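Everything below concerns the one structure shown next.
Numbering (the UniProt record's numbering), first residue to last: 1 to 431.
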């Protein structure tokens with residue numbers, strides 16, 4: 001088993017090194033590498049060294065499953081890398097980039113309309129924010145409800161979508177005016193999306209995108225990008241859990257946070273302990289998926305259909321599948337004690353539970369092709385550049401899974417961007 005982990009690490013690192021020789025900035029492969037390194041290498045090794053005979057979620061460790069798990073993980077990473085790099089180097093890709101020109105013409109941004117739109121959304125969110133500050137859950141929704149998705153993942157994403165569009169118009173707006181507008185929109189984003197009101201998997205990609213914008217020249221250097229955001233996930237995310245995953249009032253959370261960061265030993269303990277938490281169960285769930293398939297067989301696309309058509313209500317589709325994570329919990333993991341079904345389900349496992357190793361390859365090809373599609377926006381630095389950067393950080397949520405939630409939340413973001421584009425942009429007249 002140790003050999004399979006070592007082989008994976010060597011292959012991951014070798015392919016990352018090869019990609020660093022390419023001249024273009026590709027945040028998608030870098031973020032994929034960081035995810036694989038933390039969730040599929042560091043976390044399982046830490047967990048297996050402590051939990052002898054058991055995985056982090058309480059299920060039994062099996063050596064044959066462990067080896068196949070690492071094969072699935074290696075196959076998925078190699079597929080994503082190979083397809084993405086080869087497509088980006090293809091003649092078709094280069095010709096299309098040249099054809100697109102310097103930037104896509106989305107029209108001129110109507111600042112007044114943009115701020116009216118954002119203002120309405122912020123006013124709607126104020127009651128929820130106030131209840132949070134009082135120590136209550138301002139979003140008292142069940143995650144599976146459509147109303148929850150509409151409010152949290154679409155409506156309250158509009159201020160962030162507006163900020164992304166403003167950021168893309170930086171060169172077209174006077175510097176002093178831009179700074180004022182940026183600060184106002186940033187404040188609006190913080191009101192509706194902050195550690196008090198949201199979990200870190202929701203706000204993390206947003207604020208990392210904003211951080212990227214503020215220091216764009218620095219982060220476009222691959223080494224700086226990798227070191228900074230690797231550190232964010234290793235150190236800052238564990239510390240942020242003192243806010244996002246602890247109960248109590250805002251004052252109690254703050255006092256606990258200050259106590260921790262004033263001691264190096266306590267920071268180290270928080271970081272180490274974080275890898276032993278259920279948040280890092282991705283490797284274990286891939287292993288559980290293998291056992292589930294042995295018992296029940298492949299879903300042959302049934303779970304995939306449920307993810308694609310997540311928006312269809314169960315009142316219309318009574319037999320609509322649940323997410324892959326919940327399916328595996330109810331079919332296997334529940335025997336070992338977990339009393340919840342909202343677990344992660346990594347992207348490679350989604351391919352495996354649907355169509356086996358072939359599914360892993362097909363799913364990863366699809367993801368790699370989407371990387372290449374967004375790479376157009378990265379290379380041309382057009383109006384959707386920062387939306388593409390956002391997706392590179394969102395990958396941590398998508399790759400961890402499950403796919404149904406990953407697609408649903410990302411569609412909410414795309415819908416928010418669509419609304420902003422249609423309402424706040426006016427087409428330039430052709431003279």
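Ideal Cβ positions, reconstructed from N, Cα and C, are used throughout, including at glycine. All of these numbers come straight from a predicted model, not from anything done at the bench.
Exercise. DSSP state of residue 54, grouped into three classes?
Worked result: strand
Problem set entry | Proximity to residue 78 [Cα-Cα], best of 165, 388, 360 | 360
Problem set entry | Extent of the continuous alpha helix (DSSP H) to which residue 82 belongs | 63 to 89
Problem set entry | Neighbour-count burial assignment, residue 231, 16 or more Cβ in a 10 Å radius | exposed
Exercise. Roughly how many angstroms separate the alpha carbons of residue 104 and residue 226, rounded to a whole number?
Worked result: Model confidence at residue 104 stands at a pLDDT of 46, short of 50, so the residue's coordinates are unreliable and nothing is read from them.
Exercise. What are the boundary residues of the alpha helix (DSSP H) that includes residue 198?
Worked result: Unbroken run through residue 198: none, as it is neither H nor E.
Problem set entry | 7 Å Cβ shell around residue 365 - same chain, five flanking residues per side excluded | 79, 83
For this session: Please classify residue 307: does DSSP put it in a helix, a strand, or coil?
Result: helix
Problem set entry | Where residue 344 sits in the DSSP three-state scheme | coil
For this session: From the DSSP output, read off the bridge partner residues of residue 425.
Result: 109
Problem set entry | Sequence-distant residues of its chain with Cβ nearer than 7 Å to residue 125 (five each side left out) | 156, 191, 192
For this session: Spell out a yes or no on whether the segment 282 to 295 and the segment 47 to 62 are touching, meaning 3 or more CB-CB pairs, one atom from each, closer than 8 Å.
Result: yes
Exercise. Does the segment 416 to 424 come close enough to the segment 150 to 168 to have 3 or more Cβ pairs within less than 8 Å?
Worked result: yes
Exercise. What residues in its chain sit with their C-beta under 7 Å from that of residue 35, if we drop five residues either side in the sequence?
Worked result: 395, 396, 399
For this session: List the DSSP bridge partners of residue 60.
Result: 54
Exercise. Can the beta-carbon of residue 19 be found less than 7 Å from the beta-carbon of residue 9?
Worked result: no
Exercise. Residue 206: buried (16+ other C-beta within 10 angstroms of its C-beta) or exposed?
Worked result: buried
Exercise. Quick one: is residue 346 buried, meaning 16 or more other Cβ sit within 10 Å of its Cβ, or exposed?
Worked result: buried
Exercise. If we ignore side chains and look at the alpha-carbon of each, how far apart do residue 319 and residue 303 end up?
Worked result: 11 Å
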